[in-house]
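Numbered according to this note's numbering, the sequence shown spans residues 6 to 133. Even glycine gets a Cβ: it sits at the ideal position worked out from N, Cα and C.
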Amino acid sequence: MGRALCRSLFRTSALTPLPEGRGWSARAALMIDHPIFQGHFPGRPVTPGMAMVQLAQQLLSEGLSQEVHLRTARAIKFLSPLEPATGTELDIVLRITGEEGSSYTCDIHGTCGERAVFSLKGSFAPRT
6 MGRALCRSLF RTSALTPLPE GRGWSARAAL MIDHPIFQGH FPGRPVTPGM AMVQLAQQLL
66 SEGLSQEVHL RTARAIKFLS PLEPATGTEL DIVLRITGEE GSSYTCDIHG TCGERAVFSL
126 KGSFAPRT
């Protein structure tokens, strides 16, 4: 999924620094009239998991003020579907848990209301 497609699928708020340490939070509003929902899945639209991973990568790039890509993923879990019918706002928390050279280890979580939607533990590196 390209950046342009991801940007047209979500409208994001400004990043807010986390009070307890290095990281940020943001809210993403799902654009429910996006054409992706016509095919994923007809009759029961669901936000693609990779779209949420791409969104997390874009927000992390914004927070770090440099383009990064997912280098390794220790765990990516899609815990419940983000469906336009049941919720249109995704709250994302991005925590940097370590640095090694120019790479960042991160824990990222997305929720819709009280419902956990996805989690990602992995390392991100600058785009070359």
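Between the beta-carbon of residue 57 and that of residue 123 there is about 5 Å, and that keeps the pair under the 8 Å contact cut. Shown here, residue 18 sits in coil according to DSSP, grouped into three states, outside any helix or strand. Each of 128, 106, 11, 35 was checked against the Cα of residue 117, and the nearest Cα belongs to 35. Between residue 17 and residue 64, the beta carbon gap of about 7 Å places them in contact (Cβ cut-off 8 Å).
DSSP links residue 73 through a beta bridge to 131. Straight across, the Cα-Cα distance linking residue 83 with residue 91 is about 16 Å. A distance of 8 Å or more separates the beta carbons of residue 41 and residue 60. Beta-carbon to beta-carbon, residue 96 and residue 127 are separated by about 19 Å, too far to satisfy the 8 Å threshold. Comparing alpha-carbon positions, the option among 8, 132, 9 lying closest to residue 71 turns out to be 132. Minimum Cα-Cα distance from residue 130 among the listed residues 75, 20, 94 corresponds to 75. DSSP places residue 104 within a strand segment (E or B) once states are collapsed to three.
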